[in-house]
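Numbering (the numbering used here), first residue to last: 4 to 304. Glycine included, C-beta positions come from ideal geometry on N, C-alpha and C. No experiment lies behind these values; they were computed from the predicted model shown.
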Amino acid sequence: MNITNPVFDELVGLGVLNPDTVRLCHPKTRDRAIPVLMDETSGIIFLQAAETSDEYYEMEKAQDREGEQTITALADGDSVRAAALPDDRRHFEMFRNLTAGARICDFGCGYGGFLSLNRGHAAERCGVELRRHCQTHLRLTDSGVDVAPAIGDFERAFDVVTLFHVLEHIPHQVTVLSEIRDTLAPRGKIVVEVPHARDFLIQSVDLPAFRDFTFWSEHLVLHTEASVAAVLEAAGYGQIEIMRHQRYGFTNHLGWFLDGMPGGHERYAHFERSGFQAAYGDYLAELNATDTLIAVAESNP
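Here it is as structure tokens:
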């Protein structure tokens, strides 16, 4: 089997992925004919080939112009502010104590929703983003944010750097995490949120429609707790703590079971009850079957 995914080589080198127990998990991603593989020993899921590049991420794509993110009209230089997305609000609430009065950088900041919520809360706000239209939007709408295509472009030290659903896109993860560590102040924190390989809808049930939907050419790897910790440790971080988090609750899962399609949290919202989603998320966390992992680590002094 010819595997041309740098993340595979990296994780084998770190001893957390066994190349002798790799099998086919799914024949393709939702957008390309790239086989999806799984290591049966560790549970790590990864693509057979990495076919994205920095140039790919610099382009504006169709999803950038849809839904809540239809926010730029760059032809005539106009721009309007987008509402913060639910994940931006969740991230702000989860880490508001960490970002209070801090110099923060959101690595892969997109249109800057998380940074905008930290206006007047964090001491300094910077964003790393390859997409030029996102950079333009931020410069036009939030002059308090300094945005650049590389973290090394900022001549300052950060107290907190966040990567929300970014690491899985990066082919050379230890290298990038090391570069980020070099920009952190002593005892600075990194927050990394990634999709989880042990997601209940992947590992515990047979839902071909969900696999057809969830595997994507941009997601080079779905991590486990052990593999996230391994890349952070290899990049020089310490005090690593990993949380299991469920982004999509019972009603979303109900939509997959009943209809074989996303959006169940909207179609079956009438089933929502106070505390129910939290209890379901707690149960999945006990099973180590959440859809998301969040790691917080410290730059070693």
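Query, Result
"Determine the burial state of PRO22: buried for a count of at least 16 other Cβ atoms within 10 Å of its Cβ, exposed for fewer.", "exposed"
"My guess is that LEU20 and ILE47 are in contact by the Cβ rule of under 8 angstroms, so how many angstroms apart are they, rounded?", "5 angstroms"
"Any idea if GLU58 is buried or exposed, counting beta-carbon neighbours within 10 angstroms, 16 or more meaning buried?", "exposed"
"In the DSSP assignment, find the unbroken beta strand (DSSP E) run with ASP162 in it and report its ends.", "161 to 167"
"Alpha carbons only, please: which of PRO265, GLY252 and MET264 is nearest the one belonging to SER277?", "GLY252"
"How big is the Cα-Cα spacing for ASN5 and ARG190?", "41 angstroms"
"With 16 as the cutoff for other CB atoms within 10 Å, does MET264 come out buried or exposed?", "exposed"
"Classify GLN51 as buried or exposed, calling it buried when 16 or more other Cβ atoms lie within 10 Å of its own Cβ.", "buried"
"Return the CA-CA distance between HIS175 and PRO211, expressed in angstroms with no decimal places.", "30 angstroms"
"State buried or exposed for GLN138, treating a residue as buried only when at least 16 other CB atoms are found within 10 Å of its CB.", "buried"
"Kindly confirm or deny that the stretch 277 to 289 and the stretch 160 to 174 touch, where touching means at least three C-beta pairs closer than 8 angstroms.", "no"
"Under 8 angstroms, do LEU166 and ASN8 count as touching if we go by C-beta distance?", "no"
"Taking the beta carbon of GLU269 as the centre, do at least 16 other beta carbons fall within 10 Å, making it buried, or is it exposed?", "exposed"
"Need the endpoints of the alpha helix (DSSP H) that LEU120 sits in, please.", "116 to 120"
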